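A.B. asks: Numbering (our numbering), first residue to last: 14 to 393.
Encoded as structure tokens, here's the structure I'll be asking about.
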């Protein structure tokens with residue numbers, strides 16, 4: 014019996030503006046090779062993440078121009094969606110894996126379908142126990158929450174911790190985190206480590222215990238329902254009008270006393286909900302800082318402009334269009350492990366390739382057999 018031919022996995026250089034991450038590292042190249050795959054990496058793919066071509070070669074990868082790398086590829090890995098125009102030489106039905114932004118990049122998804130490619134969106138990974146190690150949104154949001162606090166601290170003209178000196182006492186900064194998902198929890202932990210007095214809020218009452226466990230103060234609307242559970246697939250959904258009104262009143266009184274505000278509310282496929290208005294910004298002290306992690310989806314804060322520091326009423330407002338890309342080495346390492354965990358979990362030794370099951374395969378698969386097959390995308 015002839016042994017199955019090893020899968021050719023292509024790793025491409027990111028072409029989106031400001032994208033510094035890469036979808037494989039020397040560590041994951043070695044692990045993928047151990048499964049029986051051959052890995053080809055485009056020249057310069059890892060430079061912005063501090064990974065040289067020589068490091069990939071030392072790990073066992075072929076390194077060359079994009080035309081050579083994609084030729085005959087069974088699987089193409091990217092951070093963001095790969096341009097379909099680059100994929101003409103891949104094998105029929107090849108997998109294209111990445112954070113594909115299906116709702117925002119419908120033309121690209123249609124192009125994948127037309128080319129007969131099988132597009133797998135990692136951001137559609139279901140939030141179930143066995144998929145935790147494959148969850149790219151969690152791994153990247155964790156770093157984003159950390160970076161948001163560090164950036165806010167850099168812009169803030171004062172110290173975070175209380176300091177008692179011979180010249181007098183400096184009060185601790187007050188930091189308010191809005192949204193207690195993965196990014197919010199890391200933001201709370203980071204602000205606490207820096208010595209701030211931290212408070213936090215969320216529409217899910219179950220997060221109170223998480224906030225308290227990190228040593229922060231929960232700020233919650235009482236006696237008004239927020240959302241039912243956590244929404245489909247473990248993600249937050251939209252709030253009721255009654256809750257939005259009650260939360261706005263509570264936030265208005267609390268936010269006026271804060272020095273740092275970190276907003277993290279995102280709903281997949283929808284514009285970011287507005288959490289902080291111009292009037293609320295005006296109530297804050299001069300020199301305060303707001304970091305808006307939802308900037309790429311329209312922002313939680315009125316007046317946010319991605320990648321710019323905007324000053325309104327003496328308050329600095331900032332949000333990056335791609336926060337994890339500001340920590341390229343760590344973000345790449347975690348993302349690459351997510352991809353390896355995904356592929357290895359379904360690797361069939363007899364067939365010499367990954368074979369997806371229904372639960373996860375149907376969740377992440379966007380296109381197959383020349384058609385868009387994702388029910389989630391079809392419904393939107």
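All residues carry an ideal CB built from backbone N, CA and C; glycine is no exception.
Predicted, not measured: the structure shown is a model, and the values here were computed from it.
1. Helix or strand or just coil, what does DSSP make of residue 378?
2. How about residue 355 and residue 370: are their beta carbons less than 8 Å apart?
3. Assuming residue 196 and residue 306 make a contact with CB atoms under 8 Å, what is their CB distance in whole Å?
4. Between the beta-carbon of residue 302 and the beta-carbon of residue 169, is there less than 8 Å?
5. For a test of the three-state rule: what should DSSP assign to residue 144, helix, strand or coil?
6. Give the range of the beta strand (DSSP E) segment to which residue 276 is assigned.
7. I'd like the span of the beta strand (DSSP E) that includes residue 212, first residue to last.
8. Please name the residue or residues paired with residue 304 in a DSSP beta bridge.
9. Touch check for the stretch 26-46 and the stretch 91-110: three-plus C-beta pairs under 8 Å?
10. By DSSP's criteria, residue 181 is part of a beta bridge. Which residues make up the other side?
11. Would DSSP call residue 84 helix, strand or coil?
12. Roughly how many angstroms lie between the CA atoms of residue 243 and residue 176, to the nearest whole one?
13. Alpha carbon to alpha carbon, how far is residue 394 from residue 287?
14. Within 10 Å of its beta-carbon, does residue 215 have 16 or more other beta-carbons around it, so buried, or fewer, so exposed?
15. Should the stretch 32-47 be regarded as contacting the stretch 67-75, the criterion being three or more beta carbon pairs within less than 8 Å?
16. Can you tell me the Cα-Cα spacing of residue 120 and residue 211, whole angstroms?
17. Can you check DSSP and say which residues form a bridge with residue 133?
18. Using a threshold of 8 Å, state whether the C-beta atoms of residue 132 and residue 113 are closer than that.
19. Just to confirm, is the Cβ distance from residue 36 to residue 92 under 8 Å?
20. State the CB to CB distance for the pair residue 156 and residue 337, rounded to an integer number of angstroms; the pair is presumed to be in contact (CB under 8 Å).
21. Inspect the beta-carbon positions of residue 260 and residue 187 and report whether they are closer than 8 Å.
22. For residue 311, tell me which candidate among 333, 285, 50 and 328 has the shortest Cα-Cα distance.
23. Pick from 363, 220 and 181: whose alpha carbon is nearest that of residue 193?
24. Does DSSP put residue 266 in a helix, in a strand, or in coil?
25. Could you check if residue 87 is buried or exposed, using at least 16 other CB atoms within 10 Å of its CB as the buried criterion?
26. Could you check what DSSP says for residue 93 in three-state terms: helix, strand or coil?
27. Using only the alpha-carbon positions, how far apart do residue 246 and residue 141 sit?
28. Spell out the partners DSSP gives residue 231 in its beta bridges.
29. Measuring only the C-alpha atoms, how far is residue 332 from residue 165?
30. So the candidates are 111, 127 and 116; which of them puts its Cα closest to the Cα of residue 101?
31. Just checking my contact of residue 162 with residue 200 at CB under 8 Å: how many whole Å lie between their CB atoms?
32. Return the chain-ordered ranges of every beta strand (DSSP E) run that is complete within the stretch 15-68 and spans a minimum of 3 residues.
33. Taking 7 Å as the cut-off, is the C-beta of residue 197 nearer than that to any heavy atom in the ligand FAD?
34. Check this for me: beta carbons of residue 103 and residue 69, under 8 Å apart or not?
35. Note down, in chain order, each residue of its chain lying with its Cβ closer than 6 Å to the Cβ of residue 317, except the 5 sequence neighbours on either side.
36. In angstroms with no decimal places, state the Cα-to-Cα distance between residue 290 and residue 267.
C.D. replies: On the basis of the coordinates in this document:
1. Three-state DSSP puts residue 378 in a strand.
2. Between residue 355 and residue 370, the CB-CB gap reaches or exceeds 8 Å.
3. Residue 196 to residue 306, Cβ: 6 Å. Contact.
4. If you check the CB distance, residue 302 and residue 169 come in under 8 Å.
5. DSSP places residue 144 in helix when its eight states are reduced to three.
6. Secondary structure note for residue 276: its beta strand (DSSP E) is the uninterrupted segment 273-276.
7. Per DSSP, the continuous beta strand (DSSP E) segment holding residue 212 begins and ends at 210-214.
8. In the DSSP output, where bridge partners are listed per residue, residue 304 has 275 and 331.
9. For the pair of segments examined, the stretch 26-46 was found to touch the stretch 91-110: the number of CB pairs separated by less than 8 Å reaches three.
10. Paired residue(s): 178.
11. Three-state DSSP puts residue 84 in coil, outside helix and strand.
12. Below a pLDDT of 50, predicted positions are generally treated as unreliable, and residue 243, at 46, falls in that range; the measurement from the model is reported next regardless. CA-to-CA, the gap between residue 243 and residue 176 works out to about 40 Å.
13. Nothing about residue 394 can be read from this structure; the chain reaches only from 14 to 393.
14. When all chains shown are included, residue 215 counts as buried.
15. Result yes; three or more Cβ-Cβ pairs closer than 8 Å.
16. Residue 211 has its alpha-carbon roughly 43 Å from the corresponding atom of residue 120.
17. Checking the DSSP bridge columns, you'll see residue 133 partnered with 110 and 378.
18. Yes, the Cβ-Cβ distance between residue 132 and residue 113 is below 8 Å.
19. Yes, the Cβ-Cβ distance between residue 36 and residue 92 is below 8 Å.
20. The C-beta distance from residue 156 to residue 337 rounds to 5 Å, short enough to fall under 8 Å.
21. No, these two residues do not count as a Cβ contact at 8 Å.
22. Of the listed residues, the one whose Cα sits closest to residue 311 is 285.
23. Taking only the C-alpha atoms, the option nearest residue 193 is 220.
24. For residue 266, the three-state secondary structure derived from DSSP is helix.
25. By the neighbour-count definition (other C-beta atoms within 10 Å, threshold 16), residue 87 is a buried residue.
26. Strand, per DSSP.
27. The predicted position of residue 246 is uncertain, since its pLDDT is 48 and thus under 50; a value taken from the coordinates is nonetheless stated next. If you draw a straight line from the Cα of residue 246 to the Cα of residue 141, it comes to about 8 Å.
28. The partner list for residue 231 (beta bridge, DSSP) reads 213.
29. Cα atoms of residue 332 and residue 165: separation of roughly 10 Å, rounded to the nearest angstrom.
30. Comparing Cα positions, the closest option is 127.
31. Yes, they are in contact, since the Cβ atoms of residue 162 and residue 200 sit about 5 Å apart, within 8 Å.
32. Contiguous beta strand (DSSP E) elements confined to the stretch 15-68 occur at 21-24 and 51-55, taking only those with 3 or more residues.
33. This structure simply doesn't include the ligand FAD, nor any ligand for that matter.
34. Cβ distance not < 8 Å, so residue 103 and residue 69 don't count as in contact.
35. Excluding sequence neighbours, residue 317 sits near 305, 308, 330 and 332.
36. Counting only the Cα atoms, residue 267 lies some 13 Å from residue 290.
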